[in-house]
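Undergrad: One structure, pasted below without further comment.
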Amino acid sequence: MTNINPYESTIKQLEKAANIINLDKATLEILSYPKRIVEVRFPVRLDSGEVKVFHGYRIQHNDARGPFKGGIRFHQAVDMNEVKALAFWMSMKCAVMNIPFGGGKGGVTVNPKGLSEAELESLSRAFIKAIAAVIGSRVDVPAPDVNTNPKIMDWMVDEYEKIVGHSEPAVITGKSLDHGGSEGRGIATSLGGKYVLDEAIGKVSLDSGTLKVAIQGLGNVGGNMFKLLGEDKKYQVVAVSDSRGGIVSGAGLDYDKVMGHKKETGSVVGFVGTKEITNEDLLELDVDILIPSALENQITKENVDKIKARLVLELANGPTAPEADEELHNRGVVVVPDILANGGGVTVSYFEWDQNLKNEHWFEKDVFSKLEEVMCSSFNDVWEISKKYRIDLRQAAYVLAIDRISLAMRESAK
Ligand code: GLU
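Start counting the sequence shown at 33; every next residue gets the next number (this note's numbering).
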């Protein structure tokens, strides 16, 4: 499952959309490669006194529409092709959301769960030192991603500011509220996904009766989505999973109780009254809505025939491999693509950046209403294109993004 090269998937997606709008060859060639790849090796002193050298990346895909923008991931599976794909998706996502950023991504190959708090801080600071020369609030603005969080962003900004010798909170988004973060940033990806889901079920006539939902992954994004759906009677979450496995219950799962169990034991597995399943089983459950919220390449040509959901909301980046995507479309399964469904995170990152540059602090209700506006109008833009060209939502999102980026590229070449 995991040996699919995610960067090759992006090229396939790009070429398909380029064909539809007859994109010129030069623009297609430029978009097929990152503008700049920074690969670093940097030393970190561990608690034992040993110095270990880590391997990291910052890949800047495109900045025609504004500074490169995208998270930093800490994960043992991080490699060049993954970060290249993630950087490409950020360019597309920011264009679909119509926010003034390009796309970039960073990553360090490490299992952060094996590090102490002090080691994690040293690693975060050392990585920022290694890439400090290529980031900046008007150049490239990192943020959290898988296994990184506001505390890590705070350390990184602090380190960056020491290096440049002045305050520059807008260099990184996703900070804590005490260090220039925005209200609502923590929940933004999930809330944005929920706004899109509410729009989508209306459009595809899925909005009668209670909808059964399975969520794969309970990090910040999956966890908050579980909470939000638990508060809305239209939905019933019947299955969730974390890196150790999953649980299912036809009677539905209570957010507080399940998360309480996870806090106590480290996993949802074993929660009373539920059946234990694997992460793979979760994808194949008989539910209305499937929400992959973990890593890439979960729905592939091996398991696509067994997917029973009628709608897939991609809160993870790249969870559906291209062959599987086509198959889902042919079977009438609606896939709300990552570059639309999970764009709420980077949208509130944009609000945070904007607040930092203007020295403002917005109320949560204003952040949420602006987010809702951006998500709904992006969804409707993508929906209209899918009708106009008779294509699925993913291709429509790419058509919209590539059109907007190529316009900016032509503008900047004048
Ligand atoms: N890591 C998130 C994403 O994949 C957020 C990026 C950001 O806020 O810049 O969209």
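From the three backbone atoms N, C-alpha and C, an ideal C-beta is built for every residue, glycine too.
The structure presented is a predicted model; accordingly, all values stated were derived computationally and were not measured.
Do G206 and L347 have their CB atoms nearer than 7 Å?
TA: As a first step, residue 206 must be located in the sequence shown, where it is residue number 174. As a first step, residue 347 must be located in the sequence shown, where it is residue number 315. Cβ distance not < 7 Å, so G206 and L347 don't count as in contact.
Undergrad: Would the C-beta of S64 count as close to the ligand GLU, meaning under 6 Å from any of its heavy atoms?
TA: Working through the sequence shown from its first residue, we reach residue 64 at position 32. Result no, Cβ not under 6 Å from the ligand GLU.
Undergrad: Between Q248 and L314, is the Cβ-Cβ spacing less than 7 Å?
TA: If you number the sequence shown from 1, residue 248 lands on position 216. If you number the sequence shown from 1, residue 314 lands on position 282. It is a contact, given that the beta carbons lie within the stated cut-off.
Undergrad: Just tell me which of E151, F159, S64, I53 has its CA closest to the CA of S80.
TA: Position 48 of the sequence shown, counting from 1, holds the residue named residue 80. Closest by alpha carbon: E151.
Undergrad: Do N388 and A202 have their CB atoms nearer than 7 Å?
TA: Here residue 388 refers to the residue found at position 356 of the sequence shown. Here residue 202 refers to the residue found at position 170 of the sequence shown. In this structure, A202 lies closer than 7 Å to N388 by Cβ.
Undergrad: Go through the segment 42 to 89 residue by residue and report every complete run of the alpha helix (DSSP H) that reaches 4 residues or more, in order.
TA: Those alpha helix (DSSP H) runs which fall completely within the segment 42 to 89 and span 4+ residues are 57 to 63.
Undergrad: Is it a yes or a no for the segment 285 to 304 touching the segment 258 to 269, going by three-plus beta-carbon pairs under 8 Å?
TA: Yes, they touch.
Undergrad: Look at the Cβ atom of I69, then the Cβ atom of I91, and state whether they are nearer than 7 Å.
TA: Taking the sequence shown and counting its residues from 1, one reaches residue 69 at position 37. Taking the sequence shown and counting its residues from 1, one reaches residue 91 at position 59. Yes. Within cutoff.
Undergrad: Would you decide whether R73 is buried or exposed? Buried here means 16 or more other CB atoms lie within 10 Å of its CB.
TA: Residue numbering aside, residue 73 sits at position 41 when the sequence shown is read from its first letter. Exposed is the call here.
Undergrad: Hey, would you say the C-beta of S325 is under 6 Å away from at least one heavy atom of the ligand GLU?
TA: Taking the first residue of the sequence shown as position 1, residue 325 is located at position 293. Result no, Cβ not under 6 Å from the ligand GLU.
Undergrad: According to the neighbour-count rule (16 or more other Cβ atoms, all chains shown, within 10 Å of its Cβ), is G217 buried or exposed?
TA: Mapped onto the sequence shown, residue 217 falls at position 185. Looking at the sequence shown, residue 217 is not Gly but Arg. Label assigned to R217: buried.
Undergrad: Please go through the segment 328 to 404 and give each complete beta strand (DSSP E) segment of 3 or more residues, from N-terminal end onward.
TA: List check, beta strand (DSSP E) in window: 343 to 345, 366 to 368.
Undergrad: For K446, which of helix, strand or coil comes out of DSSP?
TA: Counting from one through the sequence shown, the residue named residue 446 turns up at place 414. The pLDDT assigned to K446 is 44, lower than 50, so where the model puts this residue is not dependable, and the model offers no usable value.
Undergrad: From V365 to A341, what does the alpha carbon distance come to, in whole angstroms?
TA: Stepping through the sequence shown from its first residue, residue 365 is reached at position 333. Stepping through the sequence shown from its first residue, residue 341 is reached at position 309. Straight-line Cα distance between these residues: approximately 7 Å.
Undergrad: Between the C-alpha atoms of L229 and L223, what's the straight-line distance to the nearest angstrom?
TA: Working through the sequence shown from its first residue, we reach residue 229 at position 197. Working through the sequence shown from its first residue, we reach residue 223 at position 191. Taking the straight line from one Cα to the other gives about 10 Å.
Undergrad: Which value, in whole angstroms, describes the spacing of the CA atoms of L147 and E191?
TA: Along the sequence shown, one-based indexing puts residue 147 at 115. Along the sequence shown, one-based indexing puts residue 191 at 159. For L147 and E191, the distance between alpha carbons rounds to 19 Å.
Undergrad: Can F159 and V140 be called in contact, C-beta distance under 7 Å?
TA: Position 127 of the sequence shown, counting from 1, holds the residue named residue 159. Position 108 of the sequence shown, counting from 1, holds the residue named residue 140. Result yes, Cβ atoms of F159 and V140 sit closer than 7 Å.
Undergrad: For F106, name the three-state secondary structure that DSSP assigns.
TA: Counting from one through the sequence shown, the residue named residue 106 turns up at place 74. Residue state, collapsed to three classes: strand.
Undergrad: Out of E328, G298, S154, V406, state which residue places its alpha-carbon closest to the alpha-carbon of F383.
TA: Against the sequence shown, residue 383 aligns to sequence position 351. When each option's Cα is compared against that of F383, the closest is V406.
Undergrad: Enumerated in chain order, which unbroken segments of the alpha helix (DSSP H) with a length of 4 residues or greater are wholly contained in the segment 160 to 219?
TA: 182 to 196, all fully within the segment 160 to 219.
Undergrad: The ligand GLU heavy atoms versus the CB of K101: any closer than 6 Å?
TA: Position 69 of the sequence shown, counting from 1, holds the residue named residue 101. Correct: K101 has its Cβ closer than 6 Å to the ligand GLU.
Undergrad: Provide the residue span of the beta strand (DSSP E) that contains S273, from first to last.
TA: Translated into the one-based positions of the sequence shown, residue 273 becomes position 241. First-last of the beta strand (DSSP E) with S273: 267 to 274.
Undergrad: For the ligand GLU, I want to know if V166 counts as a neighbour, meaning its beta carbon is within less than 6 Å of at least one of the ligand's heavy atoms.
TA: Within the sequence shown, residue 166 is the residue found at index 134, counting from 1. For the ligand GLU, not one heavy atom lies less than 6 Å from the Cβ of V166.
Undergrad: With H, G and I counted as helix, E and B as strand and the rest as coil, what does DSSP make of P324?
TA: Within the sequence shown, the letter at position 292 stands for residue 324. Looking at P324 - three-state DSSP - the assignment turns out to be strand.
Undergrad: For the alpha helix (DSSP H) that contains A117, what are its first and last residues?
TA: Position 85 of the sequence shown, counted from the first residue, corresponds to residue 117. Residues 112 to 129.
Undergrad: Could you tell me whether any non-hydrogen atom of the ligand FAD is closer than 6 Å to the CB of A433?
TA: Summarising the ligand content, the structure contains the ligand GLU and does not contain the ligand FAD.
Undergrad: Which residues in the same chain as I36 place their Cβ atom closer than 7 Å to its Cβ, once the five residues preceding and following it in sequence are excluded?
TA: Taking the sequence shown and counting its residues from 1, one reaches residue 36 at position 4. Same-chain partners within the cutoff: N329, T332, A353.
Undergrad: On the three-pair Cβ rule with 8 Å, is the segment 167 to 186 touching the segment 102 to 118?
TA: Touching, per the Cβ criterion.
Undergrad: Helix, strand or coil: which one does DSSP assign to A232?
TA: Stepping through the sequence shown from its first residue, residue 232 is reached at position 200. The answer is helix: DSSP assigns A232 an H, G or I state.
Undergrad: Please report the straight-line C-alpha distance between G136 and S41, rounded to a whole angstrom.
TA: Position 104 of the sequence shown, counted from the first residue, corresponds to residue 136. Position 9 of the sequence shown, counted from the first residue, corresponds to residue 41. Distance between the alpha carbons of G136 and S41: 17 Å.
Undergrad: Just to confirm before moving on: does the CB-CB distance between A429 and P369 stay below 7 Å?
TA: Here residue 429 corresponds to residue number 397 of the sequence shown, with the count starting at 1. Here residue 369 corresponds to residue number 337 of the sequence shown, with the count starting at 1. Closer than 7 Å, so yes.
Undergrad: From what residue to what residue does the beta strand (DSSP E) around E308 run?
TA: Position 276 of the sequence shown, counting from 1, holds the residue named residue 308. 307 to 309 is the span of the beta strand (DSSP E), which, as asked, contains E308.
Undergrad: Taking K53 as the reference, give the member of M441, R442, I417 with the closest Cα.
TA: Taking the first residue of the sequence shown as 1, we reach residue 53 at position 21. In the sequence as displayed, the identity of residue 53 is Ile instead of Lys. The option with the nearest alpha carbon to I53 is I417.
Undergrad: Between M124 and N349, what straight-line distance do the alpha-carbon atoms span, to the nearest angstrom?
TA: Start at 1 with the first residue of the sequence shown, and residue 124 comes out as number 92. Start at 1 with the first residue of the sequence shown, and residue 349 comes out as number 317. Each residue's Cα considered, the two are about 12 Å apart.
Undergrad: Beta-carbon within less than 6 Å of V290's beta-carbon, same chain only, minus the 5 sequence neighbours each way: which residues are those?
TA: In the sequence shown, residue 290 corresponds to position 258, counting from 1. The answer, listed in chain order, is V300, F303.
Undergrad: Please identify the residue among I167, D320, M188, H293 whose C-alpha is closest to the C-alpha of T242.
TA: For the purposes of this step, residue 242 is taken as residue 210 along the sequence shown, with counting starting at 1. Taking only the C-alpha atoms, the option nearest T242 is D320.
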